[in-house]
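Asks: Residue numbers (the working numbering): 54 to 279. The structure's right below; bear with me while I get my questions together.
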């Protein structure tokens, strides 16, 4: 179970990461509202824990933009704003659950597991905003990548890189930007790491009608092959 934790308080973020990981969950953390959506897309979580008071962009704005974009991951709002009005506002903005601070860790974990089960049991909808390029198709809602009718078996880093490039086919993305998306859970990763992922992905794309092109000084782009 993969949890995306969007929380700007360093002590709270560290404590929650430790607690959730101790319960067997994988945690990707983000402390900035401006970067939250990019990391959300890149990590493809099962559940999102979202604080409302964030630097750069308020949590409700992040949630509203995510829902407008078609991101349907279950969201639990975690905040010090505990009034009924705040709860209603959060739920009307697209949240699935609401937990006010201070809270019990056992209750948080139970609610996250319930949201994950609910999300996995939801009937599959026809994806809107899917991207097709060459022989590939990106399901924008689920984050899955298909070669024809078959889902591609990719390592998580490879899938994150391909998703980012498929959202802008034929247009270059800088290595630094791609590194932020692919290694969203490892902010101190070495710059060369993205090159390793690109090398592996390039081999995976053989025969798909799409190739990964390196542009020196600019980054990478996807190009359709004849």
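Idealized CB from N, CA, C, for every residue including glycine. If you're wondering where the values come from, they're calculated on a predicted model, not measured in any experiment.
Throw me the rounded Cβ distance for the residue 258 and residue 268 pair, which I believe falls under 8 Å.
Replies: Your numbering for residue 258 matches position 205 in the chain shown. Your numbering for residue 268 matches position 215 in the chain shown. That belief does not hold up - the Cβ atoms of residue 258 and residue 268 are roughly 16 Å apart, past 8 Å.
Asks: Verify whether the separation of the beta carbon atoms of residue 56 and residue 128 is less than 8 Å.
Replies: By 1-based counting over the chain shown, the position of residue 56 is 3. By 1-based counting over the chain shown, the position of residue 128 is 75. No, Cβ-Cβ distance for residue 56 and residue 128 is not below 8 Å.
Asks: Enumerate, from N- to C-terminal direction, the unbroken alpha helix (DSSP H) stretches of 4 or more residues contained entirely within the stretch 225-263.
Replies: Whole alpha helix (DSSP H) segments, 4+ residues: 228-235, 246-257.
Asks: Quick one: give me the first and last residue of the alpha helix (DSSP H) that residue 114 is part of.
Replies: Within the chain shown, numbered from 1, the residue matching residue 114 stands at position 61. Where residue 114 is concerned, the enclosing alpha helix (DSSP H) stretches over 112-122.
Asks: Is it true that the CB of residue 132 sits closer than 8 Å to the CB of residue 104?
Replies: Here residue 104 refers to the residue found at position 51 of the chain shown. Here residue 132 refers to the residue found at position 79 of the chain shown. Yes, these two residues count as a Cβ contact at 8 Å.
Asks: According to the Cβ coordinates, are residue 227 and residue 54 closer than 8 Å?
Replies: By 1-based counting over the chain shown, the position of residue 227 is 174. By 1-based counting over the chain shown, the position of residue 54 is 1. Not closer than 8 Å, so no.
Asks: So residue 164 and residue 211 are in contact, right, with Cβ under 8 Å, and what is the actual spacing, rounded?
Replies: Your numbering for residue 164 matches position 111 in the chain shown. Your numbering for residue 211 matches position 158 in the chain shown. The pair is not a contact, with the Cβ atoms about 32 Å apart (cut-off 8 Å).
Asks: Would you identify the three-state DSSP class for residue 66, choosing helix, strand or coil?
Replies: As a first step, residue 66 is located in the chain shown; it is residue number 13 there, counting from the start. Residue 66 falls in the helix class under three-state DSSP.
Asks: Using only CA atoms, which one of 58, 62, 69, 83 lies nearest to residue 233?
Replies: Here residue 233 is taken as the residue at index 180 of the chain shown, counted from 1. Of 58, 62, 69, 83, the residue nearest in Cα terms is 83.
Asks: Express the C-alpha separation of residue 198 and residue 171 in angstroms, rounding to a whole number.
Replies: Within the chain shown, residue 171 is the residue found at index 118, counting from 1. Within the chain shown, residue 198 is the residue found at index 145, counting from 1. Answer to the nearest angstrom: the Cα atoms are 23 Å apart.
Asks: Determine the direct distance from the alpha carbon of residue 238 to that of residue 209, and round the result to whole angstroms.
Replies: The sequence position of residue 209 within the chain shown is 156, counting from 1. The sequence position of residue 238 within the chain shown is 185, counting from 1. Going from the Cα of residue 209 to the Cα of residue 238 covers about 12 Å.
Asks: Secondary structure at residue 89, three-state DSSP: helix, strand or coil?
Replies: Reading the chain shown from its first residue, position 36 is the one you call residue 89. Note: residue 89 maps to helix in three-state DSSP.
Asks: Alpha carbon to alpha carbon, how far is residue 166 from residue 115? Give it in angstroms, no decimals.
Replies: The count along the chain shown starts at 1 and reaches residue 115 at position 62. The count along the chain shown starts at 1 and reaches residue 166 at position 113. Roughly 22 Å separates the two Cα atoms.
Asks: Which one of 161, 224, 121, 155 has the shortest CA to CA distance from residue 147?
Replies: As a first step, residue 147 must be located in the chain shown, where it is residue number 94. The shortest C-alpha separation from residue 147 is found at 121.
Asks: What's the C-alpha gap between residue 262 and residue 162?
Replies: For this step, residue 262 is matched to residue 209 along the chain shown. For this step, residue 162 is matched to residue 109 along the chain shown. Going by the C-alpha atoms only, they are around 43 Å apart.
Asks: For the candidate residues 236, 66, 108, whose alpha-carbon lies nearest to that of residue 102?
Replies: Here residue 102 refers to the residue found at position 49 when the chain shown is read from its first residue. Minimum Cα distance to residue 102 is reached at 66.
Asks: Could you check how far apart the C-beta atoms of residue 158 and residue 72 are, in whole angstroms? I think they sit under 8 Å.
Replies: Stepping through the chain shown from its first residue, residue 158 is reached at position 105. Stepping through the chain shown from its first residue, residue 72 is reached at position 19. Yes, residue 158 and residue 72 are in contact; Cβ-Cβ is about 5 Å, under 8 Å.
Asks: Pull up the distance between the alpha-carbon of residue 200 and that of residue 108, whole angstroms please.
Replies: Here residue 200 refers to the residue found at position 147 when the chain shown is read from its first residue. Here residue 108 refers to the residue found at position 55 when the chain shown is read from its first residue. Those two C-alpha atoms are separated by around 39 Å.
Asks: Quick one: measure Cβ to Cβ for residue 274 and residue 224, integer angstroms, because I've assumed they're closer than 8 Å.
Replies: Looking up residue 274 in the chain shown gives position 221. Looking up residue 224 in the chain shown gives position 171. Contact holds; Cβ gap of about 6 Å.
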